[in-house]
Amino acid sequence: MRLLLIVLGLFLFPTISLAQYDDERFVVFEDEFKKSFKSKPKLDVKFDNRFSFIRDTDVKTIGIKVGLNYRRKFKVGLGFNQMLFNVEKVAFDEDAGINRAVELEYSYFSPYIEYVYYNTRKWEFSLSLQHGIGGASYQYRDANGKKKKLINSVVLSYEPAMLIDYKIIRWIGIGTGIGYRMVYRKTPGIKEKFSSPEYVIKLKVYLGEIVRTMTGKELKID
Numbered sequence: 002m003r004l005l006l007i008v009l010g011l012f013l014f015p016t017i018s019l020a021q022y023d024d025e026r027f028v029v030f031e032d033e034f035k036k037s038f039k040s041k042p043k044l045d046v047k048f049d050n051r052f053s054f055i056r057d058t059d060v061k062t063i064g065i066k067v068g069l070n071y072r073r074k075f076k077v078g079l080g081f082n083q084m085l086f087n088v089e090k091v092a093f094d095e096d097a098g099i100n101r102a103v104e105l106e107y108s109y110f111s112p113y114i115e116y117v118y119y120n121t122r123k124w125e126f127s128l129s130l131q132h133g134i135g136g137a138s139y140q141y142r143d144a145n146g147k148k149k150k151l152i153n154s155v156v157l158s159y160e161p162a163m164l165i166d167y168k169i170i171r172w173i174g175i176g177t178g179i180g181y182r183m184v185y186r187k188t189p190g191i192k193e194k195f196s197s198p199e200y201v202i203k204l205k206v207y208l209g210e211i212v213r214t215m216t217g218k219e220l221k222i223d
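Spelled out as structure tokens, the structure:
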């Protein structure tokens, strides 16, 4: 268990070297980890927008995350992300022997974990890690207007981020953050570089508070 937590800590805090490792702080982290995952979780649902750059073009990726919130300390779950604005370019169609105007599309699933290292009634500061598993493709429209894939690649990425959430009112919160998408595996085909700094803007709807306000009933949802 301790080895697992050390590995998890290094992934969540990639800027911390072993030489800087503070055993006392790790004991606190380990204690929070054990207590959190022994407790009953609440459902965690949120939407986020991630802005990054592809070929010096500012692109927006929208995402939804659904997971479990353990004592407002650890959050784990699964997200889905889709690049909203397609990047246009020209690619060669080997079968037809012509150049085609295509759009770059990119989407991926993202298992995630977040560690909340500071929170109050209104504020929440956390470190996040998500692993992107998905693909990118060049697509064009045929004579009938249907989308056709011309070239595609599997894309695997690692995305650490620092996040800040603020609860505006009891039902709604907003958040922001900065991170980096590092692509460590991309199969041949798509030549775009997806590794890029990211900044995050997100909306948090506290469904539990809404249901509690409207019905008076308590739900196991954050």
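Under the working numbering, the first residue of the sequence shown carries the number 2, and numbering increases by one thereafter.
Ideal Cβ placement from N, Cα and C applies to all residues, glycine included.
Rounded C-alpha distance that separates S154 from P161: What you label residue 154 is simply residue 153 of the sequence shown in a count that begins at 1. What you label residue 161 is simply residue 160 of the sequence shown in a count that begins at 1. Rounded to whole angstroms, S154 to P161 spans 22 Å at the Cα level.
Quick one: what's K61 bridged to in DSSP? Taking the first residue of the sequence shown as position 1, residue 61 is located at position 60. For K61, which the question treats as bridged, DSSP gives the partners F52.
Length at least 3, wholly inside the region 78 to 136: the beta strand (DSSP E) runs in chain order: Fully enclosed beta strand (DSSP E) runs of 3 or longer: 88 to 94, 99 to 120.
Expressed to the nearest angstrom, what Euclidean distance is found between the alpha-carbon atoms of V156 and V117? Position 155 of the sequence shown, counted from the start, is the residue given in the question as residue 156. Position 116 of the sequence shown, counted from the start, is the residue given in the question as residue 117. The C-alpha of V117 is placed about 28 Å away from the C-alpha of V156.
Compare the beta carbon distance of I55 and S158 with 9 Å and say whether it is the shorter of the two. Here residue 55 refers to the residue found at position 54 when the sequence shown is read from its first residue. Here residue 158 refers to the residue found at position 157 when the sequence shown is read from its first residue. No, the Cβ-Cβ distance between I55 and S158 is not below 9 Å.
Using DSSP bridges, identify the partner residues of V156. The residue you call residue 156 lines up with position 155 of the sequence shown. Answer is G135, K187.
Note down, in chain order, each residue of its chain lying with its Cβ closer than 6 Å to the Cβ of A137, except the 5 sequence neighbours on either side. By one-based count along the sequence shown, residue 137 stands at place 136. Excluding sequence positions up to five before and after A137, its CB lies within less than 6 Å of the CB of Y107, S154, V156, I191, all in the same chain and listed in chain order.
Measuring CB atoms only, is the region 138 to 147 touching the region 92 to 103, in the sense that at least three cross pairs come out at less than 8 Å? Verdict: yes, contact present.
In DSSP terms, what K168 is bridged to: Position 167 of the sequence shown, counted from the start, is the residue given in the question as residue 168. The bridge partners DSSP lists for K168 are G174.
Could you check the C-alpha separation between F93 and V206 for me, to the nearest Å? As a working mapping, residue 93 is identified with position 92 in the sequence shown. As a working mapping, residue 206 is identified with position 205 in the sequence shown. So the alpha carbons of these two residues sit roughly 45 Å apart.
Are G80 and P112 close, meaning C-beta to C-beta below 9 Å? Start at 1 with the first residue of the sequence shown, and residue 80 comes out as number 79. Start at 1 with the first residue of the sequence shown, and residue 112 comes out as number 111. In contact: G80 and P112 (Cβ atoms closer than 9 Å).
Assuming K74 contacts S37 (C-beta within less than 8 Å), just tell me the rounded distance between them. Counting from one through the sequence shown, the residue named residue 74 turns up at place 73. Counting from one through the sequence shown, the residue named residue 37 turns up at place 36. Confirmed, Cβ separation roughly 5 Å.
Alpha carbon to alpha carbon, how far is E89 from R182? Locating residue 89 in the sequence shown gives position 88, counting from the first residue. Locating residue 182 in the sequence shown gives position 181, counting from the first residue. For E89 and R182, the gap between their C-alpha atoms comes out near 21 Å.
First and last residue of the beta strand (DSSP E) that includes E199? Taking the sequence shown and counting its residues from 1, the one referred to as residue 199 is at position 198. From DSSP, the beta strand (DSSP E) with E199 extends over 197 to 206.
Alpha carbons only, please: which of L69, L85, V201, I152 is nearest the one belonging to E193? Here residue 193 is taken as the residue at index 192 of the sequence shown, counted from 1. If you compare the alpha carbons of L69, L85, V201, I152 with that of E193, the shortest gap goes to I152.
Alpha carbon of S129 to alpha carbon of D57, nearest angstrom: Along the sequence shown, read from residue 1 onward, the residue named residue 129 stands at position 128. Along the sequence shown, read from residue 1 onward, the residue named residue 57 stands at position 56. Taking the CA atoms as reference points, S129 sits about 25 Å from D57.
R45 versus E210, L105, V201, K35, residue with shortest Cα-Cα distance: Here residue 45 corresponds to residue number 44 of the sequence shown, with the count starting at 1. Note that residue 45 is Asp in the sequence shown here, rather than Arg. Nearest of E210, L105, V201, K35 to D45, Cα basis: E210.
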